[in-house]
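Residue numbers (the UniProt record's numbering): 1 to 215. Quick reminder that beta carbons are idealized off the backbone N, C-alpha and C, glycines included. Okay, so here's the structure we're looking at.
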Amino acid sequence: MHPRYKHAALIYDKALPVFSFGAAPRIHTMVARAVSVRPGATIVDVGCGTGLMLPRLRDRVGPDGTVIGLDMTEPMLDRARQRVTRAGWKNVELHRADMADFEPGAPADAAVFVLSLSAADPARVFHRTLGYLRPGGSVVIADGIPAHGRWYHPAVNLYAGFRAPFVGSDLGRAAEIARLARAHLVDVRTEVIWAGLYTVISGRVPPKGDERDDS
1 MHPRYKHAAL
11 IYDKALPVFS
21 FGAAPRIHTM
31 VARAVSVRPG
41 ATIVDVGCGT
51 GLMLPRLRDR
61 VGPDGTVIGL
71 DMTEPMLDRA
81 RQRVTRAGWK
91 NVELHRADMA
101 DFEPGAPADA
111 AVFVLSLSAA
121 DPARVFHRTL
131 GYLRPGGSVV
141 IADGIPAHGR
151 WYHPAVNLYA
161 GFRAPFVGSD
171 LGRAAEIARL
181 ARAHLVDVRT
191 EVIWAGLYTV
201 ISGRVPPKGD
211 ERDDS
(Lines of atoms letter the chains of each structure in order from A; the text may use other names.)
(Lines give C-alpha, C1' and ligand atoms only; values in the text may rest on other atoms or scores of the structure.)
Protein backbone atom coordinates (compact mmCIF):
# COMPACT_ATOMS: atom_id res chain seq x y z
CA MET A 1 0.00 0.00 0.00
CA HIS A 2 1.24 3.45 -0.86
CA PRO A 3 2.93 5.18 2.15
CA ARG A 4 0.91 8.34 1.45
CA TYR A 5 -2.07 6.62 3.06
CA LYS A 6 -0.28 6.67 6.41
CA HIS A 7 -0.76 10.43 6.51
CA ALA A 8 -4.21 10.58 4.93
CA ALA A 9 -6.28 8.64 7.46
CA LEU A 10 -7.52 11.67 9.38
CA ILE A 11 -8.91 13.39 6.28
CA TYR A 12 -9.59 10.41 4.01
CA ASP A 13 -13.34 10.15 4.59
CA LYS A 14 -13.87 13.83 3.75
CA ALA A 15 -11.27 14.03 0.99
CA LEU A 16 -12.44 10.98 -0.97
CA PRO A 17 -15.65 12.59 -2.27
CA VAL A 18 -13.58 15.56 -3.43
CA PHE A 19 -10.85 13.55 -5.18
CA SER A 20 -13.50 11.31 -6.77
CA PHE A 21 -15.56 14.29 -8.01
CA GLY A 22 -18.44 13.08 -5.87
CA ALA A 23 -18.40 9.54 -7.27
CA ALA A 24 -17.37 7.74 -4.06
CA PRO A 25 -20.85 7.27 -2.54
CA ARG A 26 -22.19 5.90 -5.82
CA ILE A 27 -19.19 3.58 -6.16
CA HIS A 28 -19.76 2.19 -2.67
CA THR A 29 -23.45 1.62 -3.40
CA MET A 30 -22.75 -0.05 -6.75
CA VAL A 31 -20.14 -2.38 -5.26
CA ALA A 32 -22.44 -3.45 -2.44
CA ARG A 33 -25.29 -4.15 -4.86
CA ALA A 34 -23.03 -6.08 -7.23
CA VAL A 35 -21.79 -8.53 -4.58
CA SER A 36 -23.67 -11.78 -5.12
CA VAL A 37 -24.07 -13.31 -1.65
CA ARG A 38 -26.76 -14.71 0.59
CA PRO A 39 -27.34 -13.84 4.25
CA GLY A 40 -24.80 -15.62 6.41
CA ALA A 41 -22.00 -15.31 3.85
CA THR A 42 -18.45 -14.09 4.40
CA ILE A 43 -17.20 -11.07 2.45
CA VAL A 44 -13.60 -9.84 2.45
CA ASP A 45 -13.10 -6.09 1.96
CA VAL A 46 -9.61 -6.13 0.46
CA GLY A 47 -7.92 -2.82 1.22
CA CYS A 48 -10.73 -1.62 3.48
CA GLY A 49 -9.05 1.66 4.46
CA THR A 50 -11.10 3.52 7.05
CA GLY A 51 -14.00 1.10 6.67
CA LEU A 52 -16.38 3.13 4.51
CA MET A 53 -17.69 -0.05 2.83
CA LEU A 54 -18.18 -2.03 6.04
CA PRO A 55 -21.79 -1.00 6.85
CA ARG A 56 -22.95 -1.72 3.30
CA LEU A 57 -21.28 -5.12 3.23
CA ARG A 58 -22.62 -5.96 6.67
CA ASP A 59 -26.13 -5.21 5.40
CA ARG A 60 -25.56 -7.73 2.60
CA VAL A 61 -24.51 -10.64 4.84
CA GLY A 62 -26.87 -9.94 7.72
CA PRO A 63 -26.28 -10.57 11.43
CA ASP A 64 -25.26 -14.19 10.84
CA GLY A 65 -22.66 -13.35 8.20
CA THR A 66 -19.12 -12.05 8.52
CA VAL A 67 -17.30 -9.09 7.01
CA ILE A 68 -13.51 -9.18 7.05
CA GLY A 69 -11.67 -5.94 6.42
CA LEU A 70 -7.95 -5.92 5.76
CA ASP A 71 -5.47 -3.16 5.25
CA MET A 72 -1.76 -2.80 5.93
CA THR A 73 -1.88 0.87 6.97
CA GLU A 74 -2.35 1.14 10.72
CA PRO A 75 -3.78 4.70 10.80
CA MET A 76 -6.46 3.68 8.30
CA LEU A 77 -7.31 0.59 10.34
CA ASP A 78 -7.51 2.69 13.51
CA ARG A 79 -10.29 4.70 11.88
CA ALA A 80 -12.01 1.48 10.79
CA ARG A 81 -11.74 0.08 14.32
CA GLN A 82 -13.35 3.22 15.72
CA ARG A 83 -16.18 2.82 13.24
CA VAL A 84 -16.74 -0.81 14.25
CA THR A 85 -16.55 -0.05 17.98
CA ARG A 86 -18.98 2.87 17.79
CA ALA A 87 -21.49 0.76 15.85
CA GLY A 88 -21.05 -2.27 18.10
CA TRP A 89 -20.65 -4.66 15.18
CA LYS A 90 -19.79 -8.14 16.42
CA ASN A 91 -19.54 -9.77 13.00
CA VAL A 92 -16.86 -7.50 11.53
CA GLU A 93 -13.20 -8.53 11.73
CA LEU A 94 -10.30 -6.22 10.94
CA HIS A 95 -6.81 -7.43 10.10
CA ARG A 96 -3.55 -5.61 9.47
CA ALA A 97 -2.11 -7.52 6.53
CA ASP A 98 -0.62 -7.16 3.08
CA MET A 99 -3.33 -7.84 0.52
CA ALA A 100 -0.99 -10.22 -1.31
CA ASP A 101 -0.30 -12.33 1.79
CA PHE A 102 -3.62 -12.45 3.63
CA GLU A 103 -5.24 -15.78 4.45
CA PRO A 104 -8.68 -15.72 6.14
CA GLY A 105 -8.38 -19.23 7.56
CA ALA A 106 -11.49 -20.54 5.81
CA PRO A 107 -12.97 -20.14 2.32
CA ALA A 108 -14.82 -16.85 1.79
CA ASP A 109 -17.87 -16.25 -0.39
CA ALA A 110 -16.95 -12.88 -1.88
CA ALA A 111 -14.26 -10.23 -2.09
CA VAL A 112 -14.45 -6.56 -2.98
CA PHE A 113 -11.72 -4.12 -3.98
CA VAL A 114 -12.79 -0.48 -3.71
CA LEU A 115 -10.10 1.82 -5.13
CA SER A 116 -7.44 -0.49 -3.68
CA LEU A 117 -6.28 -2.98 -6.31
CA SER A 118 -4.36 -0.46 -8.44
CA ALA A 119 -2.47 0.66 -5.32
CA ALA A 120 -0.83 -2.78 -5.10
CA ASP A 121 0.51 -5.48 -7.44
CA PRO A 122 -2.82 -6.42 -9.06
CA ALA A 123 -1.77 -9.88 -10.26
CA ARG A 124 -0.30 -10.99 -6.91
CA VAL A 125 -3.25 -9.70 -4.92
CA PHE A 126 -5.84 -11.00 -7.38
CA HIS A 127 -4.45 -14.54 -7.47
CA ARG A 128 -4.05 -14.63 -3.69
CA THR A 129 -7.65 -13.55 -3.23
CA LEU A 130 -9.05 -16.06 -5.71
CA GLY A 131 -7.14 -18.74 -3.83
CA TYR A 132 -9.28 -18.33 -0.71
CA LEU A 133 -12.64 -17.75 -2.42
CA ARG A 134 -15.10 -20.57 -2.95
CA PRO A 135 -15.81 -21.72 -6.52
CA GLY A 136 -18.57 -19.43 -7.75
CA GLY A 137 -17.53 -16.76 -5.27
CA SER A 138 -18.36 -13.17 -6.12
CA VAL A 139 -15.65 -10.63 -6.96
CA VAL A 140 -16.33 -6.91 -7.39
CA ILE A 141 -13.65 -4.35 -8.29
CA ALA A 142 -14.02 -0.58 -8.50
CA ASP A 143 -11.01 1.35 -9.73
CA GLY A 144 -9.75 4.08 -12.03
CA ILE A 145 -9.25 1.81 -15.02
CA PRO A 146 -8.34 3.73 -18.22
CA ALA A 147 -11.41 4.09 -20.42
CA HIS A 148 -11.67 3.88 -24.21
CA GLY A 149 -14.33 4.38 -26.85
CA ARG A 150 -15.44 7.98 -26.35
CA TRP A 151 -13.87 11.13 -27.74
CA TYR A 152 -13.37 12.56 -24.25
CA HIS A 153 -11.72 9.49 -22.71
CA PRO A 154 -8.15 10.61 -23.59
CA ALA A 155 -8.73 13.75 -21.52
CA VAL A 156 -10.22 11.72 -18.67
CA ASN A 157 -7.27 9.33 -18.74
CA LEU A 158 -4.86 12.26 -18.78
CA TYR A 159 -6.43 13.61 -15.61
CA ALA A 160 -6.40 10.13 -14.06
CA GLY A 161 -2.71 9.80 -14.83
CA PHE A 162 -2.00 13.18 -13.23
CA ARG A 163 -3.99 12.25 -10.12
CA ALA A 164 -2.70 8.70 -9.77
CA PRO A 165 0.56 9.42 -7.84
CA PHE A 166 -1.36 11.42 -5.25
CA VAL A 167 -3.69 8.51 -4.45
CA GLY A 168 -1.06 5.79 -4.70
CA SER A 169 -2.44 4.39 -7.94
CA ASP A 170 -0.86 3.73 -11.33
CA LEU A 171 -2.58 3.65 -14.73
CA GLY A 172 -0.54 0.68 -15.87
CA ARG A 173 -1.61 -1.34 -12.83
CA ALA A 174 -5.18 -0.16 -13.25
CA ALA A 175 -5.26 -1.31 -16.87
CA GLU A 176 -4.02 -4.73 -15.75
CA ILE A 177 -7.11 -5.14 -13.58
CA ALA A 178 -9.47 -5.46 -16.55
CA ARG A 179 -7.28 -8.12 -18.15
CA LEU A 180 -7.10 -10.12 -14.93
CA ALA A 181 -10.87 -10.07 -14.56
CA ARG A 182 -11.43 -11.25 -18.12
CA ALA A 183 -8.79 -13.97 -17.81
CA HIS A 184 -9.75 -15.42 -14.44
CA LEU A 185 -13.44 -14.72 -13.78
CA VAL A 186 -16.66 -15.84 -15.42
CA ASP A 187 -19.88 -13.89 -15.97
CA VAL A 188 -17.88 -10.67 -16.04
CA ARG A 189 -19.83 -7.43 -16.15
CA THR A 190 -18.36 -3.96 -16.56
CA GLU A 191 -19.92 -0.59 -15.89
CA VAL A 192 -18.12 2.67 -16.62
CA ILE A 193 -19.20 5.70 -14.59
CA TRP A 194 -18.28 9.36 -14.15
CA ALA A 195 -17.36 9.82 -17.83
CA GLY A 196 -14.92 6.90 -17.63
CA LEU A 197 -13.02 8.05 -14.55
CA TYR A 198 -14.11 4.91 -12.68
CA THR A 199 -15.06 1.39 -13.68
CA VAL A 200 -16.90 -1.27 -11.69
CA ILE A 201 -16.19 -4.88 -12.69
CA SER A 202 -18.03 -7.86 -11.24
CA GLY A 203 -17.68 -11.58 -11.88
CA ARG A 204 -17.46 -15.00 -10.28
CA VAL A 205 -14.69 -17.47 -9.52
CA PRO A 206 -14.91 -20.34 -12.04
CA PRO A 207 -16.17 -23.71 -10.80
CA LYS A 208 -13.60 -26.35 -9.99
CA GLY A 209 -12.22 -27.91 -13.13
CA ASP A 210 -13.06 -24.80 -15.16
CA GLU A 211 -10.18 -22.58 -14.07
CA ARG A 212 -9.19 -20.07 -16.70
CA ASP A 213 -5.70 -19.06 -17.75
CA ASP A 214 -3.92 -15.85 -18.75
CA SER A 215 -4.60 -16.21 -22.47
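Just the Cα atoms here: how many angstroms apart are residue i and residue j?
i, j, result
"Asp101", "Val125", "8 Å"
"Ser36", "Val18", "29 Å"
"Val188", "Pro206", "11 Å"
"Arg204", "Tyr159", "31 Å"
"Val84", "Asn91", "9 Å"
"Ser20", "Gly47", "17 Å"
"Asp64", "Pro154", "46 Å"
"Ala87", "Ala110", "23 Å"
"Glu191", "Ile177", "14 Å"
"Met53", "Gly149", "30 Å"
"Gly62", "Trp89", "11 Å"
"residue 220", "Tyr152", "Limits of the chain in this structure are 1 at one end and 215 at the other, which puts residue 220 out of reach."
"Met30", "Arg56", "10 Å"
"Gly131", "Asp98", "15 Å"
"Arg163", "Pro75", "22 Å"
"residue 224", "Val167", "What is shown of the chain runs 1 to 215, which leaves residue 224 out entirely."
"Pro107", "Gly40", "13 Å"
"Ala24", "Ala32", "12 Å"
"Leu117", "Gly22", "20 Å"
When you compare each of the options to residue i by their alpha carbons, which one comes out closest?
i, options, result
"Ala175", "Ile201, Val31, Trp89, Gly136", "Ile201"
"Leu77", "Ala164, Ala111, Gly172, Asp13", "Asp13"
"Ala169", "Trp151, Asp121, Arg182, Ser138", "Correcting the residue identity first, residue 169 is Ser in this sequence and not Ala. Answer by Cα proximity: Asp121."
"Val44", "Met30, Thr129, Arg26, Gly22", "Thr129"
"Val186", "Ile193, Ile177, Thr199, Ser138", "Ser138"
"Arg173", "Phe162, Gly144, Ala195, Arg163", "Gly144"
"residue 243", "Arg38, Arg79, Gly49", "Residue coverage of the chain in this structure runs from 1 to 215, which leaves residue 243 outside it and unanswerable."
For residue i, collect the residues of the same chain with a Cβ closer than 6 Å to its Cβ; drop the 5 residues on either side in sequence, then sort them by chain order.
i, result
"Leu197", "Val156"
"Pro146", "Asn157, Leu171, Ala175"
"His95", "Leu70"
"Arg66", "Before going further, note that residue 66 is Thr rather than Arg in the sequence given. Excluding residues within five positions, the ones whose Cβ falls inside 6 Å are Thr42, Asn91."
"Ala195", "Val156"
"Val140", "Val31, Ala34, Val35, Val112, Ser202"
"Pro161", "With the sequence shown as reference, residue 161 is identified as Gly, and Pro is not the correct amino acid for it. If we look at Gly161 and ignore the five residues flanking it on each side, its Cβ neighbours are Leu171."
Considering only residues of the same chain and omitting the five flanking positions on each side of residue i, which have a CB-CB separation below 7 Å?
i, result
"Lys208", "Pro135"
I need the DSSP call for residue i, collapsed to helix, strand or coil.
i, result
"Asp121", "coil"
"Leu180", "helix"
"Glu103", "coil"
"Leu52", "coil"
"residue 242", "The chain is shown from 1 up to 215; residue 242 falls before or after that span and cannot be answered."
"Val61", "helix"
"Val186", "strand"
"Tyr159", "helix"
Tell me, please, whether the CB atom of residue i is closer than 7 Å to any CB atom in chain E?
i, result
"Gly88", "Looking at the structure shown, chain E is missing, and only one protein chain is on hand."
Starting from the C-beta of residue i, find all residues in its chain whose C-beta is less than 8 Å away, skip the five residues before and the five after it, and write them out in chain order.
i, result
"Leu180", "Pro122, Ala123, Phe126"
"Ile27", "Ser20, Val114, Leu115, Ala142, Ile193, Tyr198, Val200"
"Ala104", "For clarity, residue 104 is Pro in the given sequence; the question names Ala instead. Answer for Pro104: Thr42, Val44, Ile68, Tyr132, listed in chain order."
"residue 226", "Given a span of 1 to 215 for the chain in the structure shown, any question on residue 226 remains unanswerable."
On the DSSP bridge assignment, give the partners of residue i in chain order.
i, result
"Leu94", "Gly69"
"Glu74", "For Glu74, which the question treats as bridged, DSSP gives no partner whatsoever."
"Ser138", "Ala110, Arg204"
"Tyr198", "Ile193"
"Asp45", "Gly69, Val112"
"Asp143", "Thr199"
"Leu130", "According to DSSP, Leu130 bridges with nothing at all."
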